[in-house]
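In our numbering, the protein residues as written are 1 to 438.
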């Protein structure tokens, strides 16, 4: 059975002309040279020309899906990648956005980038950045607000601004618009939420919000290895490692490309050293001694996403190995990438490896389900898990705005699932897949 070719929707920024490119047989069925269709969250009627020819060279084009619904034909989905303005440009990873757009062009979705500042709430439209490899980037006005908003605001401090929070709430309140990944995670909220859930509490190292010296001394007396983590940190920035041995305390901090270590003879001197550093908001956490690869600790990074049926699936598993003398495995802090096969098969035979990967899959899905209970709009995230000598898994952190995985097969799957989940949310899923209802 052959899959029918998807129609192509093109837009000419110079003339604001929309055209739906269809096969001759489809043109005969539709019966007109022009059609009124519904776009985006507002489902406003839009005049669209019909054509059997290829899109013009100066147009932005993408395969789309056309669905007959009550009230007429709907074309889409329209997916908006939400970010922030930077002058006449926008913030964020432009190459990542281009990859998403290119993937959507093949799977059947029209994707654009838009910013919080460019939304016109009076007529429910937005200025938008469109991309096509033939044309490059083009900015246009008065595009419909999308069916699905994929939040990629790259900086926590931007996302926390009052006007940005107001915008996110307004978008979320629109009945025909779906917003996913509506905010960054807060480390303390993560640990507190998961630590109280009996299904997953055993994976969470003991953690305390570092509000005063009382929590610090409690953890210092209980554990010989601690990690101090900024509540709003990312990519390992600001993490401190603290070891205690017979009343001698060794504090290690990453500064630039170097790890700086300092010893203290008593807990009071240690607290006086760190109290100003942790005043910005920190968590103190039980340290876990990880298994090593080539003499360096490693952890397991997993990308988890919802697929085209709204189901959580692991999209890929990677290993991150700590750099020399580094206190974390984060690549920006000196860590390196390795494959699960290369690392785990050094410490497991084939049957043990297969059993472990299945256990890892079940653990990840259990954690995803538990996180979704606290964060209902969650559609994807990455998580870091530790593995100890007794093969116990530990949850270290999760990132609601995951950085791209460099492994090509993971990258391909992740891009496809971003689009497929948006198709599901907007009821534009390919025929045969489960949709969200009416």
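Beta carbons: idealized from backbone N, C-alpha and C, even for Gly.
Item to check | Three-way DSSP call (helix, strand, coil) for residue 52 in this model | outcome: coil
Item to check | residue 370 beta carbon less than 8 Å from that of residue 257 | outcome: no
Checklist entry - Counting along the chain, where does the alpha helix (DSSP H) carrying residue 439 start and finish? => result The requested residue 439 is not part of the displayed model; the chain covers only 1 to 438.
Item to check | C-alpha distance - residue 17 paired with residue 195, whole-angstrom precision | outcome: 54 Å
Checklist entry - Can you give the Cα-Cα distance for residue 82 and residue 149, rounded to whole angstroms? => result 6 Å
Checklist entry - Between which two residues does the alpha helix (DSSP H) harbouring residue 101 extend? => result 94 to 107
Checklist entry - How is residue 24 classed by DSSP in three states: helix, strand or coil? => result Residue 24 falls in the helix class under three-state DSSP.
Next on the checklist: Which of the three DSSP states is assigned to residue 266 in this structure?
Outcome noted: coil
Checklist entry - Taking the runs of the alpha helix (DSSP H) that are 4 residues or longer, which of them lie wholly in the stretch 190 to 267? => result 213 to 222
Next on the checklist: Here's the rule: buried if 16 or more other CB atoms are within 10 angstroms of the residue's CB, otherwise exposed. What is residue 301?
Outcome noted: buried
Checklist entry - When you compare each of 45, 377, 231 to residue 439 by their alpha carbons, which one comes out closest? => result One cannot answer for residue 439 here, as it falls past the ends of the chain, which runs 1 to 438.
Next on the checklist: Give me the DSSP bridge partner(s) of residue 383.
Outcome noted: 302, 398
Checklist entry - Just reading off the beta strand (DSSP E) that residue 282 is part of, what are its end residues? => result Element bounds for residue 282: 282 to 286.
Checklist entry - Just to confirm, are residue 308 and residue 421 a CB contact at a threshold of 8 Å? => result Taking C-beta atoms as the reference points, residue 308 and residue 421 count as a pair closer than 8 Å.
Next on the checklist: Is the beta carbon of residue 129 closer than 8 Å to that of residue 111?
Outcome noted: no
Checklist entry - Does DSSP put residue 153 in a helix, a strand or coil? => result coil
Next on the checklist: Can you look up residue 314 in the DSSP assignment and give me helix, strand or coil?
Outcome noted: Reduced to three states, the DSSP call for residue 314 is strand.
Checklist entry - Does the beta-carbon of residue 133 have 16 or more other beta-carbons within 10 angstroms, so that it is buried, or is it exposed? => result It is exposed - the Cβ of residue 133 has fewer than 16 other Cβ atoms within 10 Å.
Next on the checklist: Does the distance between the C-beta of residue 45 and the nearest non-hydrogen atom of the ligand PLP fall short of 7 Å?
Outcome noted: The ligand PLP is absent from the structure shown, which contains no ligands of any kind.
Item to check | Extent of the continuous alpha helix (DSSP H) to which residue 421 belongs | outcome: Start and end: 408 to 425.
Checklist entry - DSSP state of residue 57, grouped into three classes? => result Coil at residue 57, not helix or strand.
Checklist entry - Buried or exposed: where does residue 103 fall if 16 or more other Cβ atoms within 10 Å of its Cβ makes it buried? => result It counts as buried.
Item to check | Residue from 358, 34, 207 with nearest C-alpha to residue 286 | outcome: 207
Checklist entry - Is there at least one Cβ from chain D nearer than 8 Å to residue 23's Cβ? => result No chain D is present in this structure, which holds just one protein chain.
Item to check | residue 3, DSSP secondary structure in three states | outcome: Legend: pLDDT at residue 3 = 48, less than 50; position of this residue unreliable, value from coordinates given subsequently. If DSSP states are grouped into helix, strand and coil, residue 3 belongs with coil.
Item to check | Own chain, CB closer than 6 Å to residue 154, minus 5 neighbours either side, in chain order | outcome: 91, 92
Checklist entry - Whose CA, out of 55, 306, 229, lies closest to the CA of residue 327? => result 229
Item to check | Whole-angstrom distance between residue 305 and residue 414, CA atom to CA atom | outcome: Straight-line Cα distance between these residues: approximately 7 Å.
Checklist entry - In whole angstroms, what separates the C-alpha of residue 3 from that of residue 19? => result Unreliable positioning characterises residue 3 in this predicted model, as indicated by a pLDDT of 48, which lies under 50. The coordinate reading is nonetheless provided below. Distance between the alpha carbons of residue 3 and residue 19 is about 23 Å.
Next on the checklist: Would residue 9 and residue 27 qualify as a contact pair, given that the criterion is a beta-carbon distance under 8 Å?
Outcome noted: no
Checklist entry - Which residues share a DSSP beta bridge with residue 368? => result In DSSP, residue 368 forms no bridge with anything.
Next on the checklist: Helix, strand or coil, according to DSSP, for residue 363 in the structure here?
Outcome noted: Residue 363 sits in a helix when the DSSP states are folded into three classes.
Checklist entry - What residues in its chain sit with their C-beta under 7 Å from that of residue 321, if we drop five residues either side in the sequence? => result For residue 321, same chain residues with a beta-carbon under 7 Å away, outside a window of 5 residues either side, are 293, 296, 298, 329, 335, 336, 338 in chain order.
Checklist entry - Sorted by chain position, which residues of the same chain lie with C-beta nearer than 6 Å to residue 157's C-beta, five sequence neighbours on each side aside? => result The same chain holds no residue with a CB closer than 6 Å to that of residue 157 once the five nearest residues on each side in sequence are set aside.
Next on the checklist: On a Cα-Cα basis, can you pick out the residue from 142, 135, 98 that is closest to residue 119?
Outcome noted: 142
Checklist entry - Among the residues of its own chain, which have a CB less than 7 Å from the CB of residue 408, if the five just before and after it don't count? => result none
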